[in-house]
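Colleague: One structure, as structure tokens, below. Some questions next.
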Amino acid sequence: MIDAHDTTLMLSGGSRRAVDHDNNCYTLVCGDQLCLPAMETDLFQSDKVRQEDVLAIGPGSSYLGGFLVQDAIAVLSAVAQVTALAPFRHLTTPGGQKMSVAMSNCGRLGWVSDHAGYRYQAEDPLSGKPWPSMPALLLDRAQQAAELAGYSDFQPTVCLINRYEVGARMGLHQDRDERNLTAPIVSFSLGIPATFIWGGLQRTDKPRRFLLKHGDAVVWGGQDRLRFHGVAPIKADSHALTGPVRINITFRQTGL
Ligand SMILES: O=C(O)CCC(=O)C(=O)O
Ligand SMILES: [Mn+2]
């Protein structure tokens with residue numbers, strides 16, 4: 003095992019070697035360089051969250067505390083592979099404002115925003131090429147989280163990756179750009195913590211706030227699928243694996 007400093011995944015630039023608890027060695031990059039990690043062991047081995055660890059936060063929504071902790075290095079390594087091909091960028095809202103959260107996507111479709119509106123599309127507007135494919139580990143863990151939350155046969159076509167630096171936030175909103183509102187949203191948090199704002203079905207409903215920490219998952223669907231939610235401005239912090247950054251990954255099932 004190497005020390006915490008050396009395991010920092012430089013998702014905002016540079017590259018690092020990291021060794022996880024099973025002695026797998028990874029090279030982690032973010033930039034225009036692609037570096038494949040040496041993954042020799044079974045990435046799908048951890049199955050640590052049990053049904054009894056799933057906390058209901060609404061009739062159709064669950065909080066899975068620590069769900070991804072065991073896989074965090076491999077998941078962040080997969081994210082770094084995606085963002086080497088489709089770099090994080092700050093999109094513009096239809097109203098012309100630059101978003102504080104930097105985004106990328108993998109999967110069949112990706113979520114984009116510009117002066118023409120919010121939408122899903124098959125090509126990365128930066129490269130004109132298809133989005134990188136969804137790494138098998140990410141798909142597997144998203145499906146497992148959905149299953150634990152009571153949603154079987156989740157087939158996400160979109161994996162939106164959000165990078166939050168200090169001060170970045172996401173205003174109260176509904177995820178409603180998807181064609182299929184019967185499938186849930188699966189959301190993973192890695193790195194420094196965030197205060198999640200968990201509202202109701204009306205924008206004016208009084209929201210609850212709870213901390214999303216490294217490795218936590220939230221799943222919402224069914225009658226909670228259109229709940230308003232957001233992320234409060236990120237406070238300065240540092241995490242051994244991501245440095246001063248929070249990574250959020252949401253999985254969505256939609257077509258065009
Ligand atoms: O960062 C989060 O926890 C939530 C992200 C989100 O709501 C979104 O990408 O639509
Ligand atoms: Mn959302």
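Taking my numbering, I'd label the letters of the sequence shown as residues 3 to 258. Yeah, the Cβ is synthetic: ideal placement off N, Cα and C, and Gly gets one too.
1. Less than 6 Å between C-beta atoms, sequence neighbours within five positions excluded: which residues of the same chain meet that for Met101?
2. Rounded to whole angstroms, what's the CA-CA distance from Gly97 to Gly173? Just pull it up for me.
3. Cβ of Gln255 within 8 Å of Cβ of Asn182?
4. From what residue to what residue does the alpha helix (DSSP H) around Ala260 run?
5. For Leu139, name the three-state secondary structure that DSSP assigns.
6. If we ignore side chains and look at the alpha-carbon of each, how far apart do Gln204 and His216 end up?
7. Look at the Cβ atom of Cys161, then the Cβ atom of Phe69, and state whether they are nearer than 8 Å.
8. Taking the alpha carbon of Leu111 as the point to measure from, which residue in Asn250, Asp142, Ala58 and Glu180 has its own alpha carbon closest?
9. Does the structure place the region 56 to 70 close enough to the region 232 to 245 that three or more beta carbon pairs sit under 8 Å?
10. Any idea what DSSP makes of Ala124, helix, strand or coil?
11. For Arg143 and Phe156, I'd like the C-alpha separation in whole angstroms.
12. List the whole-angstrom C-beta distance separating Ser64 from Val56, where the pair is believed to meet the contact cut-off of C-beta under 8 Å.
13. When the Cα of Val58 is compared with those of Leu139, Ala124, Gly224 and Val233, which residue comes out closest?
14. Closer than 6 Å from C-beta to any heavy atom of ligand 2: which residues, in chain order?
15. In the DSSP assignment, what residue or residues form a beta bridge with Asn164?
Modeller: Based on what the coordinates show:
1. Non-local beta-carbon contacts of Met101 in its own chain, meaning distances under 6 Å to residues more than five positions away in sequence, involve His92 and Leu93 in chain order.
2. Approximately 14 Å between the Cα atoms of the pair.
3. Closer than 8 Å, so yes.
4. What the structure shows of the chain is the stretch from 3 to 258, and residue 260 is not part of that stretch, so it cannot be assessed.
5. helix
6. 29 Å
7. Remark: C-beta atoms of Cys161 and Phe69 do not approach each other more closely than 8 Å.
8. Glu180
9. no
10. coil
11. 11 Å
12. 5 Å
13. For the sequence presented, residue 58 should be read as Ala rather than Val. Per the Cα distances, Gly224.
14. Ordered along the chain, the selected set is His175, Asp177 and His231.
15. Met105 and Asn250
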